[in-house]
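Take the sequence shown: its letters are residues 10 to 314, numbered as in the working numbering.
Note that the Cβ used here is the ideal one computed from N, Cα and C, for glycine as well.
Right, one structure below, let's go through it.
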Amino acid sequence: MIINTGARTDTVQYYTDWLLKRFEEGYVLARNPLFPNKVTRYELNHDVVDCVVFCSKNYEPILPRLREITDKFNTYFHYTITAYGKDVEPGVPTIGESIETLKKLSALVGKQRVSWRYDPVLLTEKYTIETHLKTFEKMARELSPYIERCIFSFVEMYKKLEYNMPEIIMMSAEDMEILAQGFGKIAKKHGIYIQTCGTNGDFSKYGIHSSGCMTLDILGAANNITFKNLKHKGLRQGCHCIESRDIGAYDTCMNGCKYCYANKNPQKAFENYKLHDPNSPLILGELKETDTVQQGAQKSFIKEN
């Protein structure tokens with residue numbers, strides 16, 4: 010099975026001690042987002058965990074101790090660095106700081122295990138098409154020696170986004186074509202494999218691949234292992250990723266990104282953080298008498314010789 014540490018929250022940036030403690034003790038508990046009293050236990054050992062996948066906007070907090078995980082497990086790292094500033098991503102380091110941290114991460118784990126995520130791509134009066142292409146060019150030039158691939162997606166216009174980010178400008182099909190053409194040209198120039206993620210649309214004519222960002226092919230090649238030929242069910246419509254188990258929780262990320270789908274509102278995450286105990290098997294709070302704990306279904310996807 011695949012353990013995902015960062016789809017619901019930026020675990021690496023805000024919950025590093027808790028995450029390392031979970032791997033030290035060999036198990037973790039995760040609440041069901043829809044049925045909070047249902048808790049699932051996952052064992053964190055080689056027999057059932059084929060790969061640990063990370064996704065973060067700041068790996069700096071975990072770098073000094075990352076080998077506690079990478080020495081024992083296959084791993085893969087998504088690093089999100091966008092064109093946005095504190096006005097859109099309040100808790101995220103600057104672009105320059107993020108690039109330097111990515112370089113350190115790449116040196117530690119190997120470029121084959123690192124993907125640069127430039128997503129979501131959205132438009133405002135400040136973050137125009139020209140701004141995106143100019144920033145993407147600068148980033149691609151500096152990051153190309155340190156990454157395996159670049160993954161981008163266009164923002165999904167869900168209802169909450171219209172409330173949290175009223176300045177957003179609706180992106181047209183023409184806008185997407187211009188951006189995709191530019192991204193493809195820049196990626197080719199710098200020798201970067203570029204693909205979309207969760208975006209319905211064919212941009213192959215610009216050299217952009219359409220694939221999941223967390224497939225067994227990607228994880229296998231990065232870690233020099235061979236997986237069984239399994240169907241990739243995806244996490245949502247338009248997703249082509251392999252099934253995984255997320256150990257985080259919604260409404261816990263304090264990055265405060267305006268486009269975030271995982272928080273009801275930024276303040277809620279700060280309130281929830283007060284419930285966090287680094288020594289608890291749950292990312293938030295403790296087990297309650299009304300909780301029901303069940304063992305998660307875990308089996309290896311690795312192909313036997």
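Taking the beta carbon of residue i as the centre, do at least 16 other beta carbons fall within 10 Å, making it buried, or is it exposed?
i, result
"Leu53", "buried"
"Asp286", "exposed"
"Thr299", "exposed"
"Lys312", "exposed"
"Gly15", "buried"
"Ala231", "buried"
"Asn46", "exposed"
"Gly35", "exposed"
"Asn238", "exposed"
"Ala258", "buried"
"Ile178", "exposed"
"Ala196", "buried"
"Leu225", "buried"
"Thr20", "buried"
"Thr301", "exposed"
Considering only the beta carbon of each residue, do residue i and residue j sit closer than 8 Å?
i, j, result
"Tyr167", "Ala189", "no"
"Val58", "Phe82", "yes"
"Glu171", "Gln121", "no"
"Phe236", "Phe310", "yes"
"Tyr51", "Gly294", "no"
"Val123", "Tyr88", "yes"
"Asp96", "Ile138", "no"
Report yes or no: is there a C-beta of chain C within less than 8 Å of the C-beta of residue i?
i, result
"Trp125", "No chain C appears in this structure, which consists of one protein chain only."
In terms of residue numbering, what span does the beta strand (DSSP E) encompassing residue i cover?
i, result
"Arg50", "47 to 52"
"Asn13", "11 to 13"
"Thr205", "202 to 205"
"Tyr36", "36 to 40"
"Val58", "Taken as a continuous stretch (DSSP letters only), Val58 belongs to no beta strand (DSSP E), as it is neither H nor E."
"Phe161", "158 to 163"
"Gln304", "301 to 304"
My understanding is that residue i touches residue j, with C-beta atoms under 8 Å, so please give their C-beta distance in whole angstroms.
i, j, result
"Ile160", "Cys222", "5 Å"
"Cys206", "Asp128", "6 Å"
"Ala271", "Arg17", "5 Å"
"Ile90", "Ile104", "6 Å"
"Thr79", "Val118", "6 Å"
"Arg254", "Asn13", "7 Å"
"Lys267", "Met174", "4 Å"
"Tyr155", "Ser115", "4 Å"
"Thr133", "Glu176", "5 Å"
Along the alpha helix (DSSP H) that carries residue i, what are the first and last residues, could you check?
i, result
"Arg76", "76 to 79"
"Thr89", "Segment 84 to 89 is the beta strand (DSSP E) holding Thr89; no alpha helix (DSSP H) there."
"Ser107", "104 to 118"
"Asp226", "225 to 232"
"Pro275", "275 to 282"
Please confirm whether any heavy atom of the ligand NAP lies closer than 7 Å to the CB of residue i.
i, result
"Lys297", "You won't find the ligand NAP in this model; it holds no ligand whatsoever."
Can you name, in chain order, every residue of its own chain whose Cβ lies under 8 Å from the Cβ of residue i, other than the five neighbours on each side?
i, result
"Arg31", "Val37, Leu53, Ile256, Pro290"
"Arg150", "His199"
"Ala153", "One detail in the question is off: residue 153 reads as Ser in this sequence, not Ala. Excluding sequence neighbours, Ser153 sits near His199, Gly200, Ile201."
Tell me which same chain residues have a C-beta within less than 6 Å of the C-beta of residue i, skipping the five on either side of it?
i, result
"Pro275", "Gly265"
"Gln204", "Ile160, His218, Ser220"
"Ser107", "Ile90"
"Met42", "Sequence check: residue 42 is Pro here, not Met. Tyr259, listed in sequence order."
Under 7 Å Cβ to Cβ from residue i, same chain only, skipping five residues before and after it: list those, please.
i, result
"Leu29", "Arg74, Glu77"
"Asp211", "Ser219"
"His141", "Ala92, Val130, Leu188"
"Thr144", "Ala92"
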